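Engineer: Each residue of the sequence shown is one higher than the one before, starting from 7 at the first, in our numbering.
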Amino acid sequence: DTPVESDDSETVNADQDPSISTVKSFTDIDGGALTAYTTVGQVINYTISLTNDGNVSVYNPTVADATADAAPLRGLDAPGNDDVVLDVGETWIYTASHTVTQADMDTGFYTNTAEADASADTDGDNIGDTPVESDDSETVNADQDPVIEAVKTVEITNDMLPVGASLGDTMTYTITLENTGNVTLDGVGLVDTFVAANGNPLVLLTGPTFEGPTSTLGSVEGILLVGEIATYIATYIIEQDAVDVGGFSNSIAANGDSPDDTNVEDTSDDGDDMTDGPDPGTDPTDDPTDTIIVTDPNISLIKTTLDLVDSNGDGIAGSIDDFISYVLIVENTGNVTLTNIQVQDVLPGLILVGGPIVQLIPGEIDSTTYTATYQITQADLDLGFVENSATVSSEGPDGDTGDPSDDITDTSDDPNDSTDNDDNGDNDPDDPTVTLVTSIFDLEVAKVVDELEPTVGALVTFMIEVSNIGNVTATDVVISEQIPSGYVFDSYVSTTGIYSEFDGEWIVGQLDPDQVEILEITVEVLGFGDYLNIAFVDRAGGGTDTNLGNNEDAAAVDPICLTIYNEFSPDGDGVNETFVIDCLEQFPNNKLEVYNRWGNVVYTKKGYLNDWEGISNGRAVINQSDKLPVGTYYYVLDLGDGSEPRVGWLYINRGN
7 DTPVESDDSE TVNADQDPSI STVKSFTDID GGALTAYTTV GQVINYTISL TNDGNVSVYN
67 PTVADATADA APLRGLDAPG NDDVVLDVGE TWIYTASHTV TQADMDTGFY TNTAEADASA
127 DTDGDNIGDT PVESDDSETV NADQDPVIEA VKTVEITNDM LPVGASLGDT MTYTITLENT
187 GNVTLDGVGL VDTFVAANGN PLVLLTGPTF EGPTSTLGSV EGILLVGEIA TYIATYIIEQ
247 DAVDVGGFSN SIAANGDSPD DTNVEDTSDD GDDMTDGPDP GTDPTDDPTD TIIVTDPNIS
307 LIKTTLDLVD SNGDGIAGSI DDFISYVLIV ENTGNVTLTN IQVQDVLPGL ILVGGPIVQL
367 IPGEIDSTTY TATYQITQAD LDLGFVENSA TVSSEGPDGD TGDPSDDITD TSDDPNDSTD
427 NDDNGDNDPD DPTVTLVTSI FDLEVAKVVD ELEPTVGALV TFMIEVSNIG NVTATDVVIS
487 EQIPSGYVFD SYVSTTGIYS EFDGEWIVGQ LDPDQVEILE ITVEVLGFGD YLNIAFVDRA
547 GGGTDTNLGN NEDAAAVDPI CLTIYNEFSP DGDGVNETFV IDCLEQFPNN KLEVYNRWGN
607 VVYTKKGYLN DWEGISNGRA VINQSDKLPV GTYYYVLDLG DGSEPRVGWL YINRGN
């Protein structure tokens, strides 16, 4: 009942462990874990979890993130829990984001660190007095895609005729290198492969040269930022070897290094996205930049002659056996080089020398390698000209010397012939070369008689000579040799041909140059008629006679006339019936008087025509129309030409 008391105090210390922890995680747009970022400008979202994992309260915690676009934003961990005390076991959630930069892409990863600071209450006064901190780092890799793209285009900046890609044109190439990936490229360079269409290498005139001012983002040569385009320029003047093979091709091999030294490369495309693809409107990349030149292999042969000369010394240039000298001019009229150029000429007798011509470039002319001569024949003179064509053949750049079907050929043209026929259809005239020779067609007729003053009744011979004094063969020669009325045909002999006394034609036939043929006609001289005998060329073939003045000749006799036959017998037997005086028809104004022995006129006649049969027409003792008796009579013949009358006797004999 007596209280007693006792006490005892014992103290035990708390094992305080102030601690906070942070945990960072990246999320994709769907809230899942982000495995990599792919593009510049992509927003990376992430959360930061701050947890009081100690055993004392933590006051006024803060979270810092240096690379966040903005300070991390705390979210409420539970409704109404908006105080500044992070209780034991409590977790606060912060959100933040980061926009991917080019540096992030080039680096290849993005590392983000969140740092948390707070004060722990370790003395129980509900005030934080002991600092605590925590941090956490998280890394996400970049999905790097280094890509370079090369494009090469070309245009004619100096277009020489003809229009379009041709010899001498200046071709300007524009090469663009574009960074179409997502990382910066360095060590950017290019290798230009420039070849003819047959694969043989060609040499650019200039470049490729970097055009710094045209680099779209201003980088120096060798650097390409993402999306940047660098431009290079190269030029080429088209040379003959490129034309010969039909064009040329150019490709660029571009390359560069990514930040992690991954090398990327690309072969240039021609910039045409609408041709070449398997489907309309598509185009596979990496087309070479091709320039196609339409080849036009052509050759022309001109054949002409020098002036004709007198080779044989006969004084006539271009006559038989003289030589024609031909000039053969070969020209490459196409746009490709031609080789193994050969001229052929099949004119019989022509001598062709020279060749072959090794090579002719376009526009080149050769007028000296080939020459030809030809000796004029009789057939040429007969024709009047020599007509001939030559041919030329050559090989194009891709020709096969063993295959004539691919030869480039032409038939010669005569520049002096304006007809300009194009027989082979190559738009190049093919008129044959016509050389006029000096053809002279000239026949000459000469005529003589062997006796100029024959007696009436005598035989005389006319000699007709026909000569070809030209240099052209005469054919179908006919000489007209009509015997006039003062003669009677007797016979003929000739060195050739046939003579007809009925139509007066001497058919000679062919007369070669310098050939002479003779016709001799023997005739009896009459006492009356025409004594002028004319021979002339009636007709002939082979040409037009150049001298008609020598185509005829004449000869005549002067008969010993006025032979008075002073005896006749008008007895009716048909022989010697009249009183005949030769050549009396030449004196039409004559007057004949006949007297008997007593001096009486028994017959008189003006214009006597050898027709008196001894019948009187006188007025004397004998009656008219009486037959005069046999006997001797006297005549007086006045020729009426002013000469002295002829006087003589005649005898009429009437037979038994």
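From the three backbone atoms N, C-alpha and C, an ideal C-beta is built for every residue, glycine too.
Just so it is clear, the structure is predicted and the values come from calculations on it, not from any experiment.
What does DSSP give as the partner residues of W655 in its beta bridges?
Structural biologist: As a first step, residue 655 must be located in the sequence shown, where it is residue number 649. Y640, per the DSSP bridge assignment.
Engineer: D509 by DSSP, collapsed to three states: which one?
Structural biologist: For this step, residue 509 is matched to residue 503 along the sequence shown. The answer is coil: DSSP assigns D509 none of H, G, I, E or B.
Engineer: Could you compute how far the alpha carbon of V466 sits from the alpha carbon of Q488?
Structural biologist: Numbered from 1 along the sequence shown, position 460 holds the residue referred to as residue 466. Numbered from 1 along the sequence shown, position 482 holds the residue referred to as residue 488. Distance between the alpha carbons of V466 and Q488: 15 Å.
Engineer: What did DSSP end up calling L389 once you bin it into helix, strand or coil?
Structural biologist: The count along the sequence shown starts at 1 and reaches residue 389 at position 383. Helix, per DSSP.
Engineer: A560 to S486, Cα distance in whole Å?
Structural biologist: One-based indexing of the sequence shown puts residue 560 at position 554. One-based indexing of the sequence shown puts residue 486 at position 480. If I take the Cα positions, the gap works out to 12 Å.
Engineer: Please list, in chain order, all residues of the same chain as D149 whose beta carbon is under 6 Å from its beta carbon, the five residues on each side excluded.
Structural biologist: What you label residue 149 is simply residue 143 of the sequence shown in a count that begins at 1. Once the five neighbours on either side are set aside, the close Cβ partners of D149 are A42, T44.
Engineer: Can you have a look at N474 and say buried or exposed, based on whether 16 or more other CB atoms are within 10 angstroms of its CB?
Structural biologist: Along the sequence shown, one-based indexing puts residue 474 at 468. Buried is the call here.
Engineer: Which of helix, strand or coil does DSSP assign to M166?
Structural biologist: Counted from its first residue, the sequence shown places residue 166 at position 160. M166: coil per DSSP, three-state reduction.
Engineer: Based on DSSP bridge pairs, tell me the residues matched to F216.
Structural biologist: Residue numbering aside, residue 216 sits at position 210 when the sequence shown is read from its first letter. BP columns for F216 point to Y238.
Engineer: Please go through the same chain and pick out, in chain order, the residues whose beta-carbon is closer than 6 Å to the beta-carbon of E337, but skip the five residues on each side of it.
Structural biologist: Your numbering for residue 337 matches position 331 in the sequence shown. Hits under 6 Å: S306, I371.
Engineer: Who are the Cβ neighbours of G228 in its own chain at under 8 Å, not counting the five residues just before and after it?
Structural biologist: Counted from its first residue, the sequence shown places residue 228 at position 222. Same-chain partners within the cutoff: D192, G193, V194, G195.
Engineer: Name the DSSP bridge partner or partners of S274?
Structural biologist: Your numbering for residue 274 matches position 268 in the sequence shown. Answer is none; S274 lacks a bridge partner.
Engineer: Using DSSP bridges, identify the partner residues of Y179.
Structural biologist: Within the sequence shown, residue 179 is the residue found at index 173, counting from 1. In DSSP, Y179 forms a bridge with V160, A240.
Engineer: Apart from the five residues just before and just after A171, which ones in its own chain have a Cβ nearer than 8 Å to its Cβ?
Structural biologist: By 1-based counting over the sequence shown, the position of residue 171 is 165. Cβ neighbours of A171 beyond the five flanking positions: I162, M177, I244, G253, T297, I298, I299.
Engineer: Please return the same chain residues whose Cβ sits closer than 8 Å to the Cβ of L449, not counting the five positions on each side in sequence.
Structural biologist: Within the sequence shown, the letter at position 443 stands for residue 449. The residues are V472, S473, N474, I475, G476, A480, V483, L517, V543, A546, D551, N556, N557.
Engineer: Between P651 and T502, what straight-line distance do the alpha-carbon atoms span, to the nearest angstrom?
Structural biologist: Counting from 1 along the sequence shown, the entry for residue 651 is found at position 645. Counting from 1 along the sequence shown, the entry for residue 502 is found at position 496. Approximately 50 Å between the Cα atoms of the pair.
Engineer: Tell me the residue span of the beta strand (DSSP E) that contains Q348.
Structural biologist: As a working mapping, residue 348 is identified with position 342 in the sequence shown. Segment 344-350, the beta strand (DSSP E) holding Q348.
Engineer: For D632, count the other beta carbons within 10 Å of its own beta carbon; 16 or more makes it buried, fewer makes it exposed. Which is it?
Structural biologist: In the sequence shown, residue 632 corresponds to position 626, counting from 1. So D632 ends up on the exposed side.
Engineer: Can you list, in chain order, the residues of its chain with a C-beta nearer than 7 Å to that of A202? Leave out the 5 residues immediately preceding and following it.
Structural biologist: Looking up residue 202 in the sequence shown gives position 196. Within the same chain, A202 has close Cβ partners L208, D247, A248, V251, F254.
Engineer: Flag this pair as touching only if the segment 209-218 and the segment 259-269 have three or more C-beta atom pairs under 8 Å; answer yes or no.
Structural biologist: No: the two stretches stay apart, fewer than three of their Cβ pairs being nearer than 8 Å.
Engineer: Which term fits A74, buried or exposed, when burial requires 16 or more other beta carbons within 10 angstroms of its beta carbon?
Structural biologist: The residue you call residue 74 lines up with position 68 of the sequence shown. Classification for A74: buried.
Engineer: Which runs of the beta strand (DSSP E) spanning at least 3 residues fall entirely within the segment 38-102, listed in chain order?
Structural biologist: Within the segment 38-102, the complete beta strand (DSSP E) runs of at least 3 residues are 49-58, 64-71, 79-81.
Engineer: Starting from E139, follow its DSSP beta bridges and name the residues at the other end.
Structural biologist: By one-based count along the sequence shown, residue 139 stands at place 133. Bridge partners of E139: D123.
Engineer: Just how far apart, CA to CA, sit L525 and S500?
Structural biologist: Indexing the sequence shown from 1 puts residue 525 at position 519. Indexing the sequence shown from 1 puts residue 500 at position 494. Distance between the alpha carbons of L525 and S500 is about 4 Å.
Engineer: Taking A323 as part of the alpha helix (DSSP H), name the residues at either end of that continuous run.
Structural biologist: Locating residue 323 in the sequence shown gives position 317, where the first residue counts as 1. Unbroken run through A323: none, as it is neither H nor E.
Engineer: I446: which of Y505, D23, D386, D409 sits nearest, CA to CA?
Structural biologist: As a position in the sequence shown, residue 446 is number 440, starting the count at 1. Among Y505, D23, D386, D409, the Cα nearest to that of I446 belongs to D386.
Engineer: Are G187 and P152 touching if we call contact CB-CB under 7 Å?
Structural biologist: Walking along the sequence shown from the start, residue 187 turns up at place 181. Walking along the sequence shown from the start, residue 152 turns up at place 146. Yes, the Cβ-Cβ distance between G187 and P152 is below 7 Å.
Engineer: Closer than 6 Å by C-beta to P576: which residues in its own chain qualify, once you throw out the five before and the five after it? Chain order, please.
Structural biologist: For the purposes of this step, residue 576 is identified with residue 570 of the sequence shown, where counting begins at 1. Excluding residues within five positions, the ones whose Cβ falls inside 6 Å are E583, E619, G620.
Engineer: Could you spell out where the beta strand (DSSP E) holding V600 opens and where it closes?
Structural biologist: For this step, residue 600 is matched to residue 594 along the sequence shown. 597-601 is the extent of the beta strand (DSSP E) around V600.
Engineer: Which partner residues does F329 have in the DSSP bridge list?
Structural biologist: Taking the sequence shown and counting its residues from 1, the one referred to as residue 329 is at position 323. Answer is Q381, bridged to F329.
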